[in-house]
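Q:
Number of protein chains: 2
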Amino acid sequence: MSRTVAERADTLPAIAEVFREYGYEGASLSLIGKATGLGKGSLYHFFPGGKEEMAAAVLAEVDAWFEANVYAPLRDGSASMQAIEAMFDAVVSYFKSGRRVCLVGVLALGDARERFGDAIRGYFARWIEALADALIRYGRSRAEAKALAEEVVAGIQGAIVLARALDDPAAFSRTIDRLRVLVRTPSPINLGAAPGPGRRRKGLLR
Amino acid sequence: MSRTVAERADTLPAIAEVFREYGYEGASLSLIGKATGLGKGSLYHFFPGGKEEMAAAVLAEVDAWFEANVYAPLRDGSASMQAIEAMFDAVVSYFKSGRRVCLVGVLALGDARERFGDAIRGYFARWIEALADALIRYGRSRAEAKALAEEVVAGIQGAIVLARALDDPAAFSRTIDRLRVLVRTPSPINLGAAPGPGRRRKGLLR
DNA sequence: AACACTATGTACTGATCGGTACAGACTAAT
DNA sequence: ATTAGTCTGTACCGATCAGTACATAGTGTT
């Protein structure tokens, strides 16, 4: 026995990558063992609940990352549009321009959705809420902000699917850039009616 | 032996549903057997290549459906916006307001992407091309049409992910409706510059 | 140095995996 | 009635699955 002495938290990124690439069903213990360099003994030592506990731990870590690096800045930053721009930057780097897949999205599509329903729902719901919050501070109406936030989060997920499908990371970047424009653009419904927030002087809201 | 006498084509919808729900890895022969009501004997009779051939056949069928019901109308219909509206209607009904998942999207996210790379790429590439074609006929510039088509297709995929994640089919419908508005809306880049196609008289281009 | 505790590899379990082999049963043509 | 060809269920194969058991090796404490 070689005794590398690993910590539970150190294994999570590698495990996450396996779940991302192979999904919940496809992520076998042998793949996870290979990715982490750990045998079953260690894995079941850290995660007595097996695969399900591993996936839950990984989900929690992903959630915590987004909470700290994306949601929180969106919520409490005073410079709302700056926080939104930072969100897009974080997304592009986190998902590696679409080369890396969204774990939560993958789980949402598969049959593991029921098992981790609350975590999956919470991840997206809080993302949309936090983004809507920033958009309201930017000057959008509540309804408009909610709709726009939903559209942006969906767009990001779609961009990942598209980039993977076309095997073209540029498609991801293009879509994200269009979403960047979208959040600064007045609602088409308001065109010709009352001026949307995007029409106000740039310096007024930031 | 009961001898129900099935045809190969009759099994495809049931098999497709299994691949959708469980992904390529998760779709076991026993699940497929249960879904189709067929034993291994019949399955391997129809698909000597096993799972891979089943998935390929299902992909081909999905592709053919979209070709006939979505891409072709987008390409050769003279009423471009009407064809686009019909596309959205078809999408809403095909994906059952997000309750049903896009098989091609699911495969694109998993590790089966490499195996079916060409089919997956073709599905999305032709969708975007056909939609861009209709948008050009509607009056958009080539570049604008391409970008908008990419955004719409990505948006649809994202809407599916979001609706599944939130367990809320209404989220799917809302996103689709916003995309419907988007295709009729002039590009934000052109705002204040030359009038976009959406600003022309309704009767002129249809 | 003796101890408790954490981490680890190995060997095992029963179940299920994809796939093969094949005999039986039905149909259609002769 | 015989034959050929198409479908179907079942028994089986080796491989791999998730998970368990446990002995052992290292670490930190006393």
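So the sequence lines, in the order shown, correspond to chains A and B. The numbering of the first sequence is the numbering used here, which starts it at 42 and goes up by one. The numbering of the second sequence is the numbering used here, which starts it at 42 and goes up by one. Glycine included, each C-beta is placed from N, C-alpha and C at the ideal position.
1) For residue 49 of chain B, count neighbouring Cβ atoms within 10 angstroms of its own Cβ and tell me buried if that reaches 16, exposed if not.
2) Say whether the segment 134-144 of chain B touches the segment 194-203 of chain B, bearing in mind that this needs 3 or more beta-carbon pairs closer than 8 Å, one atom from each stretch.
3) To the nearest whole angstrom, what separates the beta carbons of residue 76 of chain B and residue 59 of chain B, a pair I think is in contact under 8 Å?
4) At a Cβ threshold of 8 Å, is residue 154 of chain A touching chain B?
5) In chain order, what residues of the same chain have a beta carbon less than 8 Å from the beta carbon of residue 53 of chain A, not counting five sequence neighbours either side?
6) Could you tell me whether any non-hydrogen atom of the ligand SAM is closer than 7 Å to the CB of residue 214 of chain B?
7) Go through its chain and collect everything with a Cβ distance to residue 174 of chain A's Cβ below 8 Å, but skip five positions before and after it.
8) Once the 5 residues before and after residue 113 of chain A are set aside, which same chain residues still bring their CB inside 8 Å of it?
9) By the 10 Å Cβ neighbour count, where 16 or more other Cβ atoms means buried, how is residue 121 of chain B classified, buried or exposed?
10) Starting from residue 83 of chain B, trace the alpha helix (DSSP H) in both directions and tell me its first and last residue.
11) Near residue 145 of chain A, what residues of its chain come up, given a Cβ to Cβ distance below 6 Å and the 5 sequence neighbours on each side ignored?
12) Hey, residue 95 of chain A and residue 111 of chain A are a contact pair by Cβ (cut 8 Å); roughly how many whole angstroms apart?
13) Roughly how many whole angstroms lie between the Cα atoms of residue 147 of chain B and residue 67 of chain B?
14) Decide yes or no for the touch test of the segment 203-218 of chain B against the segment 206-220 of chain A: beta carbon pairs closer than 8 Å, at least 3 of them.
15) Please determine, among A/220, A/176 and A/189, the residue with the shortest C-alpha to C-alpha distance to residue 195 of chain B.
16) Answer with yes or no whether the minimum CB distance from residue 63 of chain A to chain B is below 8 Å.
17) From what residue to what residue does the alpha helix (DSSP H) around residue 155 of chain A run?
18) So what's residue 59 of chain B in DSSP terms, helix, strand or just coil?
19) Mind listing the chain B neighbours of residue 84 of chain A? Cutoff is C-beta to C-beta under 7 Å, in chain order.
20) Counting only beta-carbon atoms, is residue 91 of chain A nearer than 8 Å to chain B?
21) Determine the chain B residues that contact residue 216 of chain A at a beta-carbon separation under 7 Å, and present them in chain order.
22) Taking the continuous alpha helix (DSSP H) assigned at residue 199 of chain A, which residues delimit it?
23) Would you decide whether residue 226 of chain B is buried or exposed? Buried here means 16 or more other CB atoms lie within 10 Å of its CB.
24) What residues from the segment 87-114 of chain A come within 8 Å of chain B, judged by C-beta to C-beta, listed N to C?
25) Whole angstroms is fine: what's the gap from residue 133 of chain A's alpha carbon to residue 189 of chain B's?
26) Could you please give the first and the last residue of the uninterrupted alpha helix (DSSP H) stretch that includes residue 210 of chain B?
27) Taking DSSP as the reference, what is the three-state secondary structure of residue 48 of chain B?
28) Which residues, taken in chain order from the segment 138-149 of chain B, show a beta carbon closer than 9 Å to some beta carbon of chain A?
29) Which same chain residues end up closer than 7 Å to residue 79 of chain B when comparing Cβ atoms and leaving out the 5 residues on each side of it in sequence?
30) Name the chain B residues that come within less than 7 Å of residue 161 of chain A, Cβ to Cβ?
31) Please return the same chain residues whose Cβ sits closer than 8 Å to the Cβ of residue 90 of chain B, not counting the five positions on each side in sequence.
32) Between residue 87 of chain B and the rest of its own chain, which residues show a CB-CB distance below 6 Å, the 5 nearest in sequence each way excluded?
33) Residue 219 of chain B touches chain A at which residues, Cβ-Cβ below 7 Å?
34) Could you pull the start and end residues of the alpha helix (DSSP H) that residue 74 of chain A belongs to?
35) Any idea if residue 16 of chain B is buried or exposed, counting beta-carbon neighbours within 10 angstroms, 16 or more meaning buried?
36) Can you look up residue 136 of chain A in the DSSP assignment and give me helix, strand or coil?
A: To lay it out plainly:
1) Exposed, because fewer than 16 other Cβ atoms sit within 10 Å of the Cβ of residue 49 of chain B.
2) Taking 8 Å as the limit for Cβ pairs, the verdict is that the segment 194-203 of chain B does touch the segment 134-144 of chain B.
3) Going by Cβ atoms, the distance from residue 76 of chain B to residue 59 of chain B rounds to 5 Å, so yes, they are a contact pair.
4) With 8 Å as the cut-off, residue 154 of chain A counts as an interface residue toward chain B.
5) When the five nearest sequence neighbours on each side are left out, the beta carbons in the same chain lying within less than 8 Å of the beta carbon of residue 53 of chain A are those of 98, 99 and 102, in order along the chain.
6) Of ligands this structure carries none, so the ligand SAM is not represented either.
7) Within the same chain, residue 174 of chain A has close Cβ partners 115, 116 and 186.
8) The answer, listed in chain order, is 171.
9) Buried is the label assigned to residue 121 of chain B, since at least 16 other Cβ atoms lie within 10 Å of its Cβ.
10) Element bounds for residue 83 of chain B: 81-87.
11) Beyond the five residues adjoining it in sequence on each side, residue 145 of chain A comes within less than 6 Å, by CB distance, of 161 and 164 in the same chain, given in chain order.
12) In this structure residue 95 of chain A does not touch residue 111 of chain A by the C-beta definition: roughly 23 Å separates them, more than the 8 Å allowed.
13) Whole-angstrom Cα-Cα distance: 12 Å.
14) Look at the beta carbons and you see the segment 203-218 of chain B not touching the segment 206-220 of chain A: under three pairs across the two are nearer than 8 Å.
15) Measuring from the Cα of residue 195 of chain B, the nearest candidate turns out to be A/220.
16) Taking 8 Å as the threshold, the shortest C-beta distance from residue 63 of chain A to chain B falls below it.
17) It is not in any alpha helix (DSSP H) - residue 155 of chain A carries neither H nor E in the DSSP assignment.
18) Reduced to three states, the DSSP call for residue 59 of chain B is helix.
19) At a C-beta separation below 7 Å, residue 84 of chain A has no neighbours in chain B, since its nearest C-beta there lies roughly 20 Å away.
20) Closer than 8 Å to the CB of residue 91 of chain A there is not a single CB belonging to chain B.
21) At a C-beta separation below 7 Å, residue 216 of chain A has these neighbours in chain B: 191, 192 and 195.
22) That run of the alpha helix (DSSP H) goes 183-207.
23) Buried.
24) If the cut-off is 8 Å between Cβ atoms, the segment 87-114 of chain A has nothing near chain B.
25) Approximately 20 Å between the Cα atoms of the pair.
26) Residues 210-225.
27) Here residue 48 of chain B carries a coil assignment [DSSP, helix/strand/coil].
28) Listed in chain order, the positions of the segment 138-149 of chain B with a beta carbon within less than 9 Å of a beta carbon of chain A are 142, 143, 145, 146, 147, 148 and 149.
29) Spatial neighbours of residue 79 of chain B in its own chain (CB-CB distance under 7 Å, excluding positions within 5 residues in sequence) are listed in chain order as 47 and 52.
30) By Cβ distance, chain B contributes 206.
31) Cβ neighbours of residue 90 of chain B beyond the five flanking positions: 97.
32) Within the same chain, Cβ atoms closer than 6 Å to the Cβ of residue 87 of chain B are found at 49, the five residues on either side in sequence being excluded.
33) The answer, in chain order, is 188 and 192.
34) If you look at residue 74 of chain A, you'll find it in the alpha helix (DSSP H) that goes 70-77.
35) There is no way to answer for residue 16 of chain B, as the model of chain B reaches only from 42 to 247.
36) Of the three classes helix, strand and coil, the one that applies to residue 136 of chain A here is coil, per DSSP.
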